[in-house]
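S.K.: Pasting in a structure now, in C-alpha cells, and then I'll have a few things to ask.
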Amino acid sequence: MPELPEVETIKRELSPWVVRQSFTQVAILDDKVVSDTPVEEFRRRLIGQRIQNMERRGKYLIFKLSNGESLIMHLRMTGTLLLKNPERIDRYIRATFHFSNGIQLLFRDPRRFGKMWLVANAESIVGKLGPEPLSGGFTPDILAQGLSKHCIPIKAALIDQNIVAGIGNMYADEALFAARIHPLRKADSLSSEETRTLYYSIRQVLCSAIDRKGASVDTYFRPDGQLGLAQFDFKVAHRSGQSCSACGTPLQRVLVRNRGSYFCPNCQPYTEVLQFDFPVSYGALWD
DNA sequence: CTTGGGACCTGGCTGC
DNA sequence: TGCAGCCAGGTCCCAA
Numbered sequence: 040m041p042e043l044p045e046v047e048t049i050k051r052e053l054s055p056w057v058v059r060q061s062f063t064q065v066a067i068l069d070d071k072v073v074s075d076t077p078v079e080e081f082r083r084r085l086i087g088q089r090i091q092n093m094e095r096r097g098k099y100l101i102f103k104l105s106n107g108e109s110l111i112m113h114l115r116m117t118g119t120l121l122l123k124n125p126e127r128i129d130r131y132i133r134a135t136f137h138f139s140n141g142i143q144l145l146f147r148d149p150r151r152f153g154k155m156w157l158v159a160n161a162e163s164i165v166g167k168l169g170p171e172p173l174s175g176g177f178t179p180d181i182l183a184q185g186l187s188k189h190c191i192p193i194k195a196a197l198i199d200q201n202i203v204a205g206i207g208n209m210y211a212d213e214a215l216f217a218a219r220i221h222p223l224r225k226a227d228s229l230s231s232e233e234t235r236t237l238y239y240s241i242r243q244v245l246c247s248a249i250d251r252k253g254a255s256v257d258t259y260f261r262p263d264g265q266l267g268l269a270q271f272d273f274k275v276a277h278r279s280g281q282s283c284s285a286c287g288t289p290l291q292r293v294l295v296r297n298r299g300s301y302f303c304p305n306c307q308p309y310t311e312v313l314q315f316d317f318p319v320s321y322g323a324l325w326d
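Here the numbering used here = 1-based position in the first sequence + 39.
Below, the structure is given as C-alpha cells:
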C-alpha cells in the first residue's frame with residue numbers, strides 16, 4: 040500500500056517525466072476517482088495547464104499547476120501511477136493523462152479507493168495533516184506533544200494522519216518494532232526516552248524504505264513498472280506466522296482499530312507505565 | 001470534545 | 001472444481 044516512502048518514490052521518479060509538461064488530453068474512465076468536481080469540468084480545467092512542480096504531503100501527491108491550482112492525488116490502498124506501457128493497460132486503469140512531450144500517465148487502481156482533487160488551494164485538502172516526519176520541523180518534542188494528547192493505542196496514534204503525516208499500517212508496525220514498543224501501549228503513556236527512541240525509529244524506517252524505493256506488497260509499482268524492495272527489510276509487517284528475526288519468537292497479530300498489527304511479544308512486551316494504576320506514593324517507588 | 005467501529009471496494013485466499 | 005465468505009486497509013462518517 041502506498042505510504043510515505045512509496046508516494047515519495049513515485050514523486051521522485053515521475054517528476055523528470057512530467058514537470059514542465061502540459062496536459063494535452065485527460066480521460067476519466069471511472070467517474071468515482073474525481074472528488075468534488077464534475078468530471079467534464081475537471082478535464083476542461085486541467086487541459087492546457089502546465090505542471091510547475093510535484094510535491095508530496097503525507098500520502099498525498101500534489102501537482103502544482105501553472106494557473107496556481109493544484110491537482111492532488113491519493114492512492115489509498117491499491118492505486119499506482121504508471122508511465123504508459125502497453126502491457127500494463129488493463130481494466131483497472133481509472134484515468135489517463137497525455138502530456139505535451141508525448142508521455143502518457145495511467146492512474147491504475149483495482150480497488151477503486153484512490154481519489155483526485157483539482158483545487159485552487161492545496162491546503163483545503165492537506166491543511167489538517169500533522170507534521171512531515173522527515174522534515175526539519177519534526178522533533179522528538181513535537182512527537183511527544185502530539186502523542187501526549189491522546190489516550191489511544193500508540194499504533195492508532197502513529198497511523199492518525201493528524202498526529203504525524205504519512206505513516207500507515209506497515210511502517211507503524213515497523214517503527215514500533217524498531218523502538219521495541221508494544222502496539223497497544225497508550226500513546227500518552229510513553230516515557231520521554233521511549234518517545235525519543237520511537238522518533239528515531241520512525242525516521243530510520245521511512246528513510247530506509249525510500250532508499251529501497253518503497254515496498255511492493257499488494258499492487259504497488261514504481262512509475263516505470265519496477266518493484267520496490269523495502270518489503271525485504273520488513274521485520275514484522277506482512278510476516279504473519281513467521282518468527283522474529285531478532286529473537287526467534289513467533290510474531291503475533293493483534294487488532295488495533297480494526298487493523299491487523301504485527302509485533303514480537305518478546306521484543307515488544309506490554310509494559311504499561313505503572314504510575315497511572317497506583318497511588319502517587321507507590322508510583323514513586325519506581326522512579 | 002474524544003474515541004471507536006463500520007462503510008467503502010474488490011482480488012485473492014480459505015474451506016467446505 | 002465451484003463458490004460462499006472473509007480479509008486486506010486509508011480515510012470518511014457516524015455513534016457513544
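Virtual Cβ for every residue (Gly too), placed ideally from N, Cα, C.
1) By Cβ distance, which residues of its chain are closer than 7 Å to Ser320, with the 5 residues on each side in sequence left out?
2) Mapping the DSSP letters down to three states, classify Ser282 as helix, strand or coil.
3) Identify which residue in Ile191, Tyr210 and Gly205 has its Cα closest to the Cα of Ser228.
4) Does DSSP classify Ile132 as helix, strand or coil?
5) What do you reckon, are the CB atoms on Pro49 and Pro289 nearer than 9 Å?
6) Would you list the one or two residues that DSSP bridges to Phe260?
7) Bridge partners for Gln291 per DSSP, in chain order?
8) Tell me the rounded alpha-carbon separation between Ala214 and Tyr309.
9) Need the endpoints of the beta strand (DSSP E) that Glu94 sits in, please.
10) How far does the beta strand (DSSP E) with Leu157 in it reach, from first residue to last?
11) Cα separation between Ala217 and Leu223?
12) What do you reckon, are the CB atoms on Arg133 and Phe146 nearer than 9 Å?
13) Whole angstroms are fine: how far does the CA of Gln184 sit from the CA of Ala66?
14) Pull up the distance between the alpha-carbon of Tyr238 and that of Cys246, whole angstroms please.
15) Which ranges would you report for the alpha helix (DSSP H) in the segment 197-226 if only whole runs of at least 4 residues count?
16) For Phe273, which residues from the same chain have a beta carbon less than 8 Å from its beta carbon, with the 5 sequence-adjacent residues on both sides left out?
17) For the beta strand (DSSP E) containing Leu121, list its first residue and its last residue.
18) Specify the secondary structure class of Ser231 as computed by DSSP and reduced to three states.
19) Where does the unbroken alpha helix (DSSP H) through Thr48 begin, and where does it stop?
20) Looking only at its own chain, which residues have a Cβ that is under 6 Å from the Cβ of Met116, when we skip the five neighbours before and after it?
21) Less than 9 Å between the beta carbons of Ile101 and Ile86, yes or no?
22) Take Leu197 as the anchor and find which of Val73, Leu157 and Glu171 has the nearest alpha-carbon.
23) Can Leu120 and Ile142 be called in contact, C-beta distance under 9 Å?
24) Alpha carbons only, please: which of Asp69, Arg95 and Phe136 is nearest the one belonging to Val57?
25) Whole angstroms are fine: how far does the CA of Arg242 sit from the CA of Gly207?
26) Looking only at its chain, what residues have a beta carbon closer than 7 Å to the beta carbon of Glu47, apart from the 5 residues adjacent to it on each side?
27) In the structure shown, what three-state DSSP assignment does Phe102 receive?
28) Could you check if Pro44 is buried or exposed, using at least 16 other CB atoms within 10 Å of its CB as the buried criterion?
29) Strictly by DSSP, which residues pair up with Leu145?
M.R.: In brief:
1) In the first sequence, counting from the first residue as 1, residue 320 sits at position 281. At Ser320 the pLDDT is 36, less than 50, meaning the model places this residue with poor confidence; the figure from the coordinates comes in the next sentence. Taken in chain order, the list of residues that qualify is empty.
2) Along the first sequence, read from residue 1 onward, the residue named residue 282 stands at position 243. DSSP places Ser282 in strand when its eight states are reduced to three.
3) Along the first sequence, one-based indexing puts residue 228 at 189. Among Ile191, Tyr210 and Gly205, the Cα nearest to that of Ser228 belongs to Ile191.
4) Here residue 132 refers to the residue found at position 93 of the first sequence. In this structure, Ile132 counts as strand in the three-state DSSP scheme.
5) Position 10 of the first sequence, counted from the start, is the residue given in the question as residue 49. Position 250 of the first sequence, counted from the start, is the residue given in the question as residue 289. Per the sequence shown, residue 49 should be read as Ile rather than Pro. Contact flag unset, no.
6) Here residue 260 refers to the residue found at position 221 when the first sequence is read from its first residue. Answer by DSSP bridge pairing: none, since Phe260 is not bridged.
7) Looking up residue 291 in the first sequence gives position 252. DSSP output for Gln291 lists Phe302 as bridge partner(s).
8) Here residue 214 refers to the residue found at position 175 when the first sequence is read from its first residue. Here residue 309 refers to the residue found at position 270 when the first sequence is read from its first residue. In a straight line, the C-alpha of Ala214 is about 16 Å away from that of Tyr309.
9) Your numbering for residue 94 matches position 55 in the first sequence. Ile90 to Arg96 is the extent of the beta strand (DSSP E) around Glu94.
10) Working through the first sequence from its first residue, we reach residue 157 at position 118. Lys154 to Val158 is the extent of the beta strand (DSSP E) around Leu157.
11) If you number the first sequence from 1, residue 217 lands on position 178. If you number the first sequence from 1, residue 223 lands on position 184. C-alpha separation (whole angstroms): 15 Å.
12) To locate residue 133, count along the first sequence from 1; it is residue 94. To locate residue 146, count along the first sequence from 1; it is residue 107. Yes; because the gap between Cβ atoms is below 9 Å, this pair is in contact.
13) Numbered from its first residue, the first sequence carries residue 66 at position 27. Numbered from its first residue, the first sequence carries residue 184 at position 145. If you take the alpha carbons of Ala66 and Gln184, they lie about 44 Å apart.
14) Here residue 238 is taken as the residue at index 199 of the first sequence, counted from 1. Here residue 246 is taken as the residue at index 207 of the first sequence, counted from 1. Using only the alpha carbons, I get a separation of about 12 Å.
15) 208-217
16) By one-based count along the first sequence, residue 273 stands at place 234. These residues qualify, in order along the chain: Met209, Glu213 and Ala254.
17) Walking along the first sequence from the start, residue 121 turns up at place 82. Thr119 to Leu122 is the extent of the beta strand (DSSP E) around Leu121.
18) Counting from 1 along the first sequence, the entry for residue 231 is found at position 192. It is helical.
19) On the first sequence, residue 48 is found 9 positions in, with the first residue counted as 1. Segment Leu43 to Val57, the alpha helix (DSSP H) holding Thr48.
20) Here residue 116 corresponds to residue number 77 of the first sequence, with the count starting at 1. Excluding positions up to five away in sequence, the list reads Met40, Arg150 and Phe152.
21) Counted from its first residue, the first sequence places residue 101 at position 62. Counted from its first residue, the first sequence places residue 86 at position 47. No. Outside cutoff.
22) Along the first sequence, one-based indexing puts residue 197 at 158. Ranking Val73, Leu157 and Glu171 by Cα distance to Leu197 puts Glu171 first.
23) For the purposes of this step, residue 120 is taken as the residue at position 81 of the first sequence. For the purposes of this step, residue 142 is taken as the residue at position 103 of the first sequence. Not a contact, by the Cβ cut-off of 9 Å.
24) Along the first sequence, one-based indexing puts residue 57 at 18. The shortest Cα separation from Val57 among Asp69, Arg95 and Phe136 belongs to Phe136.
25) Counted from its first residue, the first sequence places residue 207 at position 168. Counted from its first residue, the first sequence places residue 242 at position 203. Cα to Cα, the separation comes out at about 14 Å.
26) The residue labelled residue 47 in the question sits at position 8 within the first sequence. Excluding positions up to five away in sequence, the list reads Arg95 and Ile249.
27) In the first sequence, counting from the first residue as 1, residue 102 sits at position 63. Correct three-state label for Phe102: strand.
28) Stepping through the first sequence from its first residue, residue 44 is reached at position 5. Buried, because 16 or more other Cβ atoms sit within 10 Å of the Cβ of Pro44.
29) The sequence position of residue 145 within the first sequence is 106, counting from 1. Leu145 pairs with Leu121 and Thr135.
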